[in-house]
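I have placed the structure first, in the form of structure tokens, so that the comments after it can refer back to it.
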Amino acid sequence: MVELYNFLAGPALWVTFFIFFGGLVFRIAYLYGLSRERDRVFYNHMDARWAFQSIVRWLIPWGSVSMRNQPVFSLVFFVFHVCLLGIPLFLYAHNLLWEEAFGVSLPSISDGLADNLTIVFLACVVFLFVRRLVRPEVRILTTAWDYALLLLTAAPFVSGFLAYHQWGPYQLMLILHILTAEVLLVIIPFSKLGHIILFFFTRAFIGFEMGARRGARTW
Amino acid sequence: MSEELEKPVNTKKIKEILSANDSARIKTWLSICARCGLCAESCFFYLANNRDPKMSPAYKFKNTLGEMYRRKGEVDRAFLRKCYDMIWGECTTCKRCSMFCPFGIDISTMIATARAVCNSQGIVPEGLARTSANYRETGNQMGMATEDFIETCSWMEEETGEEMAGLTIPIDKPGAKYMYTVNAREPMYYPQDIAMAAKIFTVAEEDWTMPSFGWDCTNLAMFAGDRALAGQVVKNVYDKAIELGVQNILITECGHAYRSAKYEGPYFLGYQDGKPPVNVVHSVKVFYEYVRDGRIKIDPDKMIEGPVTYQDPCNVSRNGGLWEEGRALTRLLCKDFRDMSPNKDLNHCCGGGGGYIPMGPEFKKRRMISGQIKAEQIRATGAKIVIVPCHNCFDQIRDLDKEYGLGVKVMSFKEIICESMIVPEKFQPRDEDEEEDEAGGGGE
Chain A
320 MVELYNFLAG PALWVTFFIF FGGLVFRIAY LYGLSRERDR VFYNHMDARW AFQSIVRWLI
380 PWGSVSMRNQ PVFSLVFFVF HVCLLGIPLF LYAHNLLWEE AFGVSLPSIS DGLADNLTIV
440 FLACVVFLFV RRLVRPEVRI LTTAWDYALL LLTAAPFVSG FLAYHQWGPY QLMLILHILT
500 AEVLLVIIPF SKLGHIILFF FTRAFIGFEM GARRGARTW
Chain B
386 MSEELEKPVN TKKIKEILSA NDSARIKTWL SICARCGLCA ESCFFYLANN RDPKMSPAYK
446 FKNTLGEMYR RKGEVDRAFL RKCYDMIWGE CTTCKRCSMF CPFGIDISTM IATARAVCNS
506 QGIVPEGLAR TSANYRETGN QMGMATEDFI ETCSWMEEET GEEMAGLTIP IDKPGAKYMY
566 TVNAREPMYY PQDIAMAAKI FTVAEEDWTM PSFGWDCTNL AMFAGDRALA GQVVKNVYDK
626 AIELGVQNIL ITECGHAYRS AKYEGPYFLG YQDGKPPVNV VHSVKVFYEY VRDGRIKIDP
686 DKMIEGPVTY QDPCNVSRNG GLWEEGRALT RLLCKDFRDM SPNKDLNHCC GGGGGYIPMG
746 PEFKKRRMIS GQIKAEQIRA TGAKIVIVPC HNCFDQIRDL DKEYGLGVKV MSFKEIICES
806 MIVPEKFQPR DEDEEEDEAG GGGE
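Heads up: the protein sequence lines correspond to chains A and B, in order. Sequential numbering from 320 applies to the first sequence in our numbering. Sequential numbering from 386 applies to the second sequence in our numbering.
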């Protein structure tokens with residue numbers, strides 16, 4: 320168990336980071352190259368202001384008409400993303416590890432807050448999961464892979480939560496926590512989760528194609 | 386269509402099209418759609434068909450173009466036939482869903498690409514296929530001969546000249562400010578549309594001309610999925626404008642013609658700068674400027690009193706950026722303007738766009754069902770007149786009026802301006818006596 324932990328928290332983590340960052344860079348570089356060849360004409364219409372608006376309006380809660388039309392879903396959607404990014408980045412325990420490994424760390428939130436946010440996050444996951452099941456227009460689009468990705472996204476939080484509270488076998492939970500997080504990070508660049516970066520590109524494009532050329536707001 | 390189903394599929398051709406369109410944009414869109422379903426509520430087909438989840442935009446692109454890429458082009462005719470119903474029968478490429486997608490996925494571009502694939506196998510609505518043949522043969526969608534077009538113009542010039550002194554319809558006048566291009570149905574079935582435009586240009590003392598070729602600015606090939614032809618059709622207009630050395634190409638009250646000439650044409654033709662070679666303007670803007678600047682004066686006594694609403698054609702408003710001009714002009718012409726909701730760049734398609742009107746009877750029933758959203762919007766305004774600066778919306782709303790008993794009159798800006806503008810003395814028709822007097826007086 321300890322060996323496995325050492326492996327996952329050591330070499331496997333480095334490989335994960337390499338694939339995660341390398342994969343994202345590769346995907347962006349590949350798509351950028353392809354776009355210079357096949358979508359070249361659209362670069363004529365690039366416009367930073369419209370691109371920026373198109374991105375920012377979709378990052379702030381209810382910043383777009385679409386989100387305002389479905390306020391509850393949008394709120395859950397927003398909280399889900401904030402927790403997903405915020406909890407791991409600002410968790411005290413993670414920052415301790417980074418301080419130890421790299422000598423740098425981010426400010427951290429209290430364990431109590433992280434704990435509560437995790438519950439909120441998992442509630443969001445349940446909401447999104449149920450929404451996929453009960454809304455016909457979402458269910459018809461949803462594949463097994465979509466459910467799997469959502470569960471995989473939740474897995475490090477569930478295992479981390481259990482490990483923190485020492486519910487169940489601690490070491491196993493910790494190992495599952497690291498393992499699922501690593502699997503998730505490895506999958507991100509090669510799946511629809513690549514939207515963590517590609518979101519900015521697609522939003523920028525539609526922002527200036529509809530906005531700079533026609534004045535139509537895509538938010 | 387039936388005999389088409391028997392023919393084998395040329396997968397090599399399909400693969401070529403898929404490969405040529407396998408751009409960074411389409412790759413990204415197909416791979417990041419999160420299947421969130423937010424696009425569904427944006428689509429009038431979805432809303433008008435009892436929220437049938439199969440009408441959601443994401444479902445439509447996923448099961449047409451998405452599936453074509455997933456199968457790497459190895460598709461059969463039965464599959465393409467299913468696509469046919471989705472890409473022509475359930476989408477007008479109005480682009481509203483792009484405004485509601487968190488990633489801004491341009492679904493209409495993907496539907497258009499799926500149309501190109503189907504078209505390459507001869508799977509295309511007959512109504513559109515017919516126009517493609519006409520474009521190829523004559524350069525216009527109705528197959529009208531150049532002589533007939535010119536004859537129609539001179540007939541209108543003669544007839545309208547009796548109502549308005551000094552009215553001419555100049556053909557191929559070099560260096561004019563505006564080269565006025567029309568929808569082929571105007572010379573074919575509604576020549577009075579050309580006459581009305583001529584009256585407006587005469588009163589505004591505009592420097593304008595009509596081209597003897599490239600006068601049809603419509604581009605149904607764009608909706609049929611024949612991009613090479615769509616490029617040729619728009620090039621006819623560009624080339625003539627360059628040849629005549631005109632300053633602007635002016636588009637009649639037609640939506641998709643504007644989208645084609647101003648926005649999509651340069652893409653079809655692979656112009657590096659992505660811009661048309663000659664500036665393209667729409668009638669809504671030019672007419673608005675005439676009235677705003679007093680080049681055309683509206684008789685206050687003839688301003689429309691009753692409730693009026695304005696239909697935002699998708700390709701004039703959302704895809705053309707002219708929603709404010711359309712409204713401002715409406716307010717200058719009518720006393721009681723009532724806006725629809727939603728509107729402007731977020732308007733709903735009337736259901737007649739994307740080639741739907743020329744697709745004909747085969748699609749009529751579906752068109753009436755999906756038009757329910759627009760019919761309800763219009764009814765909610767209580768308007769008695771709907772101003773519609775687009776030929777396809779015009780037909781659709783007139784059909785909706787009958788179908789849903791809206792009791793509205795559908796009008797173009799041209800018609801309203803002609804009915805209410807003050808015609809200055811010098812353009813007033815001279816009666817015979819005066820003319821004789823003048824002749825007798827040995828005047829001019």
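Heads up, the beta-carbon is just placed ideally off N, CA and C, and yes, glycines get one too. Please read these numbers as outputs of a predicted model, since none were measured by experiment.
Contact set for Pro487/B: own chain, Cβ-Cβ below 8 Å, skip 5 residues either direction = Closer than 8 Å at Cβ, skipping near neighbours: Ala419, Cys421 and Leu423.
Taking 8 Å as the CB-CB limit, is Ile402/B close to chain A?
-> For Ile402/B, no CB of chain A lies under 8 Å from its own CB, so it is not counted at the interface with that chain.
Of all Cβ atoms in chain A, is any one closer than 8 Å to the Cβ of Arg481/B?
-> Chain A contact via Cβ: absent.
Where His484/A falls, given that 16 or more other Cβ within 10 Å makes a residue buried | The residue is exposed, with fewer than 16 neighbouring Cβ atoms inside 10 Å.
Closer than 8 Å, CB to CB, is Ile506/A near chain B or not?
-> No, Ile506/A lies away from the interface with chain B (no Cβ there is under 8 Å from its Cβ).
Since Asn704/B meets chain A, which of its residues come closer than 7 Å, beta carbon to beta carbon?
-> At a beta-carbon threshold of 7 Å, the residues of chain A lying near Asn704/B are Arg533, ordered along the chain.
Given Tyr522/A as reference, the closest of Ala370/A, Gly329/A, Leu332/A and Phe345/A once Cα atoms are compared = Note that residue 522/A is Arg in the sequence shown, not Tyr. Just measuring C-alpha positions, the residue of Ala370/A, Gly329/A, Leu332/A and Phe345/A sitting nearest Arg522/A is Ala370/A.
Shortest alpha-carbon distance to Asp721/B belongs to which of Val771/B, Ser427/B, Phe586/B and Cys503/B?
-> A check of alpha carbon separations from Asp721/B across Val771/B, Ser427/B, Phe586/B and Cys503/B identifies Val771/B as the nearest.
Run the CB neighbour count on Trp377/A, radius 10 Å, all protein chains shown included, and call it buried at 16 or more, exposed below.
-> When all chains shown are included, Trp377/A counts as buried.
Cα-Cα separation between Glu829/B and Glu547/B, rounded to whole angstroms = With a pLDDT of only 38 at Glu829/B, under the threshold of 50, the placement of this residue in the model should not be trusted; the figure read from the coordinates follows. Looking at the backbone, the Cα of Glu829/B and that of Glu547/B are separated by about 19 Å.
Spatial neighbours of Ile515/A in its chain, beta-carbon cut-off 7 Å, leaving aside the 5 residues before and after | In the same chain as Ile515/A, and ignoring 5 residues on each side of it, the C-beta atoms closer than 7 Å to its own belong to Ile507, in chain order.
Opposite Lys625/B in the DSSP bridges: which residues?
-> Looking at the DSSP assignment, Lys625/B forms no beta bridge with any residue, so it has no partner.
What's the C-alpha gap between Glu356/A and Ala642/B?
-> Approximately 28 Å, taken between the alpha carbons.
CB-CB under 7 Å to Thr335/A, same chain, minus the five flanking residues each way: which ones, in chain order?
-> Correct list, in chain order: Glu501, Leu504 and Val505.
For the region 553-602 of chain B, list the beta strand (DSSP E) runs that are entirely contained and at least 3 residues long, ordered along the chain.
-> Fully enclosed beta strand (DSSP E) runs of 3 or longer: 563-566.
Along chain A, in chain order, which residues have C-beta atoms closer than 8 Å to that of Arg712/B?
-> Within 8 Å Cβ-Cβ: nothing; Arg712/B doesn't reach chain A, min ~14 Å.
Specify, as a first and last residue, the run of the alpha helix (DSSP H) that Lys467/B falls within.
-> Its alpha helix (DSSP H) spans residues Arg462 to Gly474.
On the three-state DSSP scale, how would you describe Asn448/B?
-> Three-state result, Asn448/B: helix.
To the nearest angstrom, report how far apart Phe534/B and Glu528/A are at their CA atoms.
-> Each residue's alpha carbon lies about 36 Å from the other.
If contact means a Cβ-Cβ distance below 8 Å, which residues of the region 640-663 of chain B contact chain A?
-> Against chain A - using a Cβ distance shorter than 8 Å - the residues of the region 640-663 of chain B are Tyr648, Pro651, Tyr652, Gly655, Tyr656, Gln657, Asp658, Gly659 and Lys660.
Is Asp724/B close to chain A, meaning its C-beta is less than 8 Å from at least one C-beta of that chain?
-> With 8 Å as the cut-off, Asp724/B does not count as an interface residue toward chain A.
Would you mind reading off the limits of the alpha helix (DSSP H) that contains Asn633/B?
-> Following the DSSP letters along the chain, one finds Asn633/B in no alpha helix (DSSP H) but inside the beta strand (DSSP E) bounded by residues Asn633 to Ile636.
Host alpha helix (DSSP H) of Asp778/B (start-end) = Strictly speaking, residue 778/B in this sequence is Cys, with Asp absent from that position. Its alpha helix (DSSP H) spans residues His776 to Tyr789.
Taking only beta-carbon atoms, is Pro746/B less than 8 Å away from chain A?
-> No - not a single Cβ of chain A is within 8 Å of the one on Pro746/B.
Check the Cβ-Cβ distances between Ala824/B and every residue of chain A, and say whether any is below 8 Å.
-> With a pLDDT of 47 at Ala824/B, under the threshold of 50, the predicted position of this residue should be treated as unreliable, and no value is reported.
So, does the CB of Asp533/B fall closer than 8 Å to a CB anywhere in chain A?
-> Residue contact with chain A for Asp533/B: absent (no Cβ-Cβ distance below 8 Å to any residue of chain A).
Environment of Asn519/B [buried if 16+ CB atoms lie within 10 Å] | By the Cβ-count criterion, Asn519/B is buried, with 16 or more other Cβ atoms from all chains shown falling within 10 Å of its own Cβ.
Per-residue burial, Tyr675/B [other beta carbons within 10 Å of its own, 16 or more giving buried] = Around the Cβ of Tyr675/B, a 10 Å sphere holds 16 or more other Cβ atoms; the residue is buried.
Reduced DSSP secondary structure (H/G/I, E/B, other) of Pro393/B | Pro393/B: coil per DSSP, three-state reduction.
What residue range is occupied by the uninterrupted alpha helix (DSSP H) comprising Gln413/A?
-> Looking at the sequence shown, residue 413/A is not Gln but His. Element bounds for His413/A: Tyr411 to Phe421.
Mind checking which residues open and close the beta strand (DSSP E) that includes Lys457/B?
-> From DSSP, Lys457/B is part of no beta strand (DSSP E); its letter is neither H nor E.
If you draw a straight line from the alpha carbon of Gly767/B to that of Asp816/B, how long is it in whole angstroms?
-> The alpha-carbon of Gly767/B is positioned some 42 Å away from that of Asp816/B.
Tell whether a beta-carbon distance below 8 Å holds between Phe476/A and Phe440/A.
-> Between Phe476/A and Phe440/A, the C-beta spacing is below 8 Å.
With a Cβ-Cβ cutoff of 8 Å, do Lys445/B and Ile496/B count as a contact?
-> It is a contact, given that the beta carbons lie within the stated cut-off.
Asn704/B: first and last residue of the uninterrupted beta strand (DSSP E) it sits in | Where Asn704/B is concerned, there is no enclosing beta strand (DSSP E), given that its DSSP letter is neither H nor E.
In this structure, does DSSP put His514/A in helix, strand or coil?
-> In the displayed model, His514/A falls within a helix according to three-state DSSP.
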